[in-house]
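Colleague:
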Ligand SMILES: [Zn+2]
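Set out below in structure tokens:
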């Protein structure tokens, strides 16, 4: 597999190039392009959350712990004394780090579900659903964001596969083929859940659907 710096470097460079092309086409302004670059770059390391001690998984759970703690403080600021809230926030962060993270690490297999094509699609669709439905971004920007996330994610899978090829000896390592899977009988329950989640997110995305949304924002 490719390491963290290769993933983040390649994803960052390609996101930069793609965002540049979007600016040239007049699809986004510079601020929006910066957001797209950030999304594409983060998506380029996202699949390795299934690797129990990777930088990706520590980054994600560090962020989730912080987000949860911040949400507790801001949501209940008017209702509870600040001292209490800070206590609860600290407790939530510890819970995330010492209960949720180990449970997640125990449940996920490296190069399992997260290293699959449906997971890449789900990451993009979830981005579209979130940015359209909750953040009310314009459809064009939302679908571009979804494209950058799915694209960065797929790029990670491609790089992992490329690194499985032993270029000097023209031999394939045993990990070849484990990063870009569509379905695996060994993990059929997980894949079933993944495809169901894809369907659910698809139907949850506010209309208009892709083609219509793109056309509407172009016209
Ligand atoms: Zn990987």
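Residue numbers (this note's numbering): 1 to 219.
Think of the CB as a built atom: it goes at the ideal place given N, C-alpha and C, for glycine as much as any other residue.
1. Just grab the DSSP bridge partners of residue 116 for me.
2. How would you write the range of the alpha helix (DSSP H) that residue 190 sits in, first residue to last?
3. Could you work out which residue in 36, 9, 7, 10 is closest to residue 20 when comparing CA atoms only?
4. Would residue 113 and residue 187 be called neighbours here (beta carbons separated by less than 8 angstroms)?
5. Three Cβ pairs or more, each shorter than 8 angstroms: is that satisfied between the stretch 113-124 and the stretch 141-154?
6. Three or more C-beta pairs under 8 angstroms: does that hold for the stretch 144-151 against the stretch 14-28?
7. What is the rounded straight-line gap between the Cα of residue 100 and the Cα of residue 128?
8. By DSSP, does residue 17 sit in helix, in strand, or in coil?
9. Write down the C-beta distance between residue 109 and residue 29 rounded to the nearest angstrom, noting that I regard them as a contact closer than 8 angstroms.
10. Mapping DSSP to helix, strand and coil, what is residue 28?
11. Can you name, in chain order, every residue of its own chain whose Cβ lies under 6 angstroms from the Cβ of residue 203, other than the five neighbours on each side?
12. So, helix, strand or coil for residue 129, using DSSP?
13. Would you kindly work out how many angstroms separate the C-alpha atoms of residue 47 and residue 56, rounded to a whole number?
14. Contact check, residue 69 vs residue 92 under 8 angstroms by CB: the rounded distance?
15. Quick check on residue 76: does DSSP put it in helix, strand or coil?
16. Can you tell me the Cβ-Cβ gap for residue 40 and residue 18, rounded? I've got them flagged as a contact below 8 angstroms.
17. Count the other C-beta atoms from every protein chain shown that fall within 10 angstroms of the C-beta of residue 185, then say buried if there are 16 or more, exposed otherwise.
18. Given the structure, does residue 179 come close to ligand 1, in the sense that its CB is under 7 angstroms from one of the ligand's heavy atoms?
19. So what's residue 2 in DSSP terms, helix, strand or just coil?
Modeller: On the basis of the data shown:
1. 181
2. 188-204
3. 36
4. yes
5. yes
6. yes
7. 26 angstroms
8. helix
9. Actually they do not touch by this definition, with Cβ atoms about 42 angstroms apart.
10. coil
11. none
12. helix
13. 8 angstroms
14. 5 angstroms
15. coil
16. 7 angstroms
17. exposed
18. yes
19. coil
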